[in-house]
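Asks: The listed protein sequences derive, respectively, from chains Y and G.
For the first sequence, counting from 1, position 42 maps to 42 in my numbering; every step adds exactly one.
Quick note, my numbering runs 136 ahead of the 1-based positions in the second sequence.
Number of protein chains: 2
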Amino acid sequence: MHHINSVFLSGLAFKTSINGHTITTDTTMDDGGTNQGPSPKRLMLAALAGCTGIDVVSILNKMKVGFSDLSIDISASLTDEHPKVYKEVKITYKIKIAEADQPKMEKAVKLSEEKYCGVSAMFRAFARVEHGIVYL
Amino acid sequence: MHHINSVFLSGLAFKTSINGHTITTDTTMDDGGTNQGPSPKRLMLAALAGCTGIDVVSILNKMKVGFSDLSIDISASLTDEHPKVYKEVKITYKIKIAEADQPKMEKAVKLSEEKYCGVSAMFRAFARVEHGIVYL
């Protein structure tokens, strides 16, 4: 069982405690907030990147594959109607890795997507999720 | 279109940039991380609290209803199988509000759930989401 507690600060900002860590969410000035933190919806994209990132690094480490400069870009489109939800999500992994190890990177991404990443599985319930890898 | 960028730090930690704000995600020592930030999955619960919180405060403000001590607790159970996803999610709003305004609070929660909160709509695609209100 996971548990979080979120306390209203001011404006539209909330401070959420997560296992001893604190995250402030808010909205932009345009939406009536004071921009004290990221918007809640985009936080879900950070969760998606952090989740698949953990898998990919763990799997590459287990395969004893060296790499550097790993980053993950996510672009996501939204539905037009309220409540707006993510519709098409594109995850792009960027990594510097030996050419011979590229198939291992592809396997790590595939294992994250199909087997390990719970956040990705949750996204697939409402959105189309695509992956790409850019070798630096 | 929403866009985020996440950079691998060390261990299993990633630093995600969201519209000028920065969030670090990680896992616990038990799971091979160094606990530099919250786990990605729990971040989705912070997104859910922050999203419905924005709605409830906005709606109460529009109704010119005074309140204090607003907080939101979320408890969520997970499936047993990998990839583990949230299964049952219970959102509990705690608020100090005049007794005469309690129906307005119930309306605000209902509007967030059914009409405005995109994060809640996304959660409903994979989990059962329940609501409760505790009047302080």
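In this text, a Cβ means the ideal position worked out from N, Cα and C, and glycines have one as well.
None of these values were measured; they are calculated from a predicted model.
Return the CA-CA distance between residue 98 (chain Y) and residue 215 (chain G), expressed in angstroms with no decimal places.
Replies: Cα-Cα distance, rounded: 37 Å.
Asks: According to the Cβ coordinates, are residue 137 (chain G) and residue 71 (chain Y) closer than 8 Å?
Replies: The answer is no: Cβ separation not under 8 Å.
Asks: Closest by CA to residue 29 (chain Y), which one among Y:5, Y:20, Y:39, Y:23?
Replies: Comparing Cα positions, the closest option is Y:39.
Asks: Could you check which residue in Y:47, Y:20, Y:34 has the C-alpha nearest to that of residue 137 (chain Y)?
Replies: As displayed, chain Y neither begins before 1 nor continues past 136, which places residue 137 (chain Y) out of reach and without an answer.
Asks: Using a Cβ-Cβ cutoff of less than 7 Å, which residues in the same chain neighbour residue 45 (chain Y) once the five nearest sequence positions on both sides are dropped?
Replies: The residues are 74, 76.
Asks: Please state the DSSP three-state secondary structure of residue 202 (chain G).
Replies: Residue state, collapsed to three classes: coil.
Asks: Can you find a CB in chain G that lies within less than 8 Å of the CB of residue 105 (chain Y)?
Replies: Closer than 8 Å: no.
Asks: Just to confirm my understanding: we take residue 118 (chain Y), look at its own chain, exclude 5 residues before and 5 after, and list those with CB closer than 8 Å. What are they?
Replies: Cβ within range, chain order: 51.
Asks: Roughly how many angstroms lie between the CA atoms of residue 144 (chain G) and residue 246 (chain G), to the nearest whole one?
Replies: Using only the alpha carbons, I get a separation of about 39 Å.
Asks: Would you mind telling me which residues of chain G sit closer than 7 Å to residue 118 (chain Y), beta carbon to beta carbon, in chain order?
Replies: The contacting residues are 177, 219, 220, 221.
Asks: Kindly indicate which three-state DSSP category residue 259 (chain G) falls into: helix, strand or coil?
Replies: Residue 259 (chain G) falls in the helix class under three-state DSSP.
Asks: For a contact meaning CB atoms closer than 8 Å, what does residue 154 (chain G) contact in chain Y?
Replies: Chain Y residues near residue 154 (chain G): 38, 39, 42, 43, 45, 46.
Asks: Taking its Cβ as the centre, do 16 or more other Cβ atoms sit within 10 Å of residue 194 (chain G), making it buried, or is it exposed?
Replies: Residue 194 (chain G) comes out buried.
Asks: Beta strand (DSSP E) containing residue 137 (chain Y): first to last residue?
Replies: With chain Y covering 1 to 136 only, the question about residue 137 (chain Y) has no answer from this structure.
Asks: Who are the neighbours of residue 143 (chain G) on chain Y, taking C-beta pairs under 7 Å?
Replies: Near residue 143 (chain G) (Cβ distances below 7 Å), the residues of chain Y are 71.
Asks: Straight-line CA distance for residue 223 (chain G) to residue 6 (chain Y)?
Replies: Computed Cα separation, rounded: 20 Å.
Asks: Give every residue of the same chain whose Cβ lies closer than 8 Å to the Cβ of residue 18 (chain Y), excluding the five residues on either side of it in the sequence, and list them in chain order.
Replies: The answer, listed in chain order, is 4.
Asks: According to DSSP, is residue 26 (chain Y) part of a helix, a strand, or is it coil?
Replies: Three-state DSSP puts residue 26 (chain Y) in coil, outside helix and strand.
Asks: Which of the three DSSP states is assigned to residue 97 (chain Y) in this structure?
Replies: Here residue 97 (chain Y) sits in coil by DSSP.
Asks: Who are the neighbours of residue 168 (chain G) on chain Y, taking C-beta pairs under 9 Å?
Replies: Those within 9 Å of residue 168 (chain G) in chain Y are 54, 58, 61.
Asks: Mind pulling the chain Y residues with CB within less than 7 Å of residue 185 (chain G)?
Replies: Neighbours of residue 185 (chain G) on chain Y, chain order: 4, 6, 14, 16.
Asks: Look at the alpha carbon of residue 241 (chain G) and the alpha carbon of residue 60 (chain Y), and state the distance between them as a whole number of angstroms.
Replies: Taking the straight line from one Cα to the other gives about 49 Å.
Asks: Enumerated in chain order, which unbroken segments of the alpha helix (DSSP H) with a length of 4 residues or greater are wholly contained in the region 174 to 199 of chain G?
Replies: Runs found: 176 to 198.
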